[in-house]
Amino acid sequence: MTMRERSPIDHMSPEYIHRQVAAAIVADINSGRLPLGARLAGERAMAEEYGAAIGTARRAIALLREQGVLVTMPARGTFVAWKPDDDTDE
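Just remember that our numbering sits 31 ahead of the position in the sequence shown, which is counted from 1.
Take a look at the structure:
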């Protein structure tokens, strides 16, 4: 992933920052910026890209893993496992 020109995080929002980061990751998946099977940047790079602390990035990743959107493979990284809008009827 490349550095964003502007962080998608609104530190004044009542929504938890880790949820904002998770929503930004999902938006990147849905837009094709992070395609199915793509390897995510490391936690440090992700935190920097989304303008959040490393612990916040970890919480966002954990949330998306719980939802089945991401999968983490030890010593390999975290990957996009599922595109959230795949199950919508059009």
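Cβ atoms here follow ideal geometry from the backbone N, Cα and C, with glycine treated the same way. Predicted model only: the values in this text are computed from it and were never measured.
Distance, residue j Cα to residue i Cα
{"i": "residue 93", "j": "residue 50", "result": "11 Å"}
{"i": "residue 102", "j": "residue 43", "result": "30 Å"}
{"i": "residue 105", "j": "residue 60", "result": "22 Å"}
{"i": "residue 63", "j": "residue 114", "result": "9 Å"}
{"i": "residue 71", "j": "residue 54", "result": "15 Å"}
Reduced DSSP secondary structure (H/G/I, E/B, other) of residue i
{"i": "residue 102", "result": "strand"}
{"i": "residue 90", "result": "helix"}
{"i": "residue 96", "result": "helix"}
{"i": "residue 64", "result": "coil"}
{"i": "residue 50", "result": "helix"}
{"i": "residue 75", "result": "helix"}
Test item: CB-CB of residue i and residue j under 7 Å
{"i": "residue 76", "j": "residue 85", "result": "no"}
{"i": "residue 89", "j": "residue 74", "result": "yes"}
{"i": "residue 40", "j": "residue 82", "result": "yes"}
Rounded Cβ spacing between residue i and residue j (contact assumed at less than 8 Å)
{"i": "residue 100", "j": "residue 91", "result": "No, residue 100 and residue 91 are not in contact; Cβ-Cβ is about 10 Å, not under 8 Å."}
{"i": "residue 65", "j": "residue 56", "result": "7 Å"}
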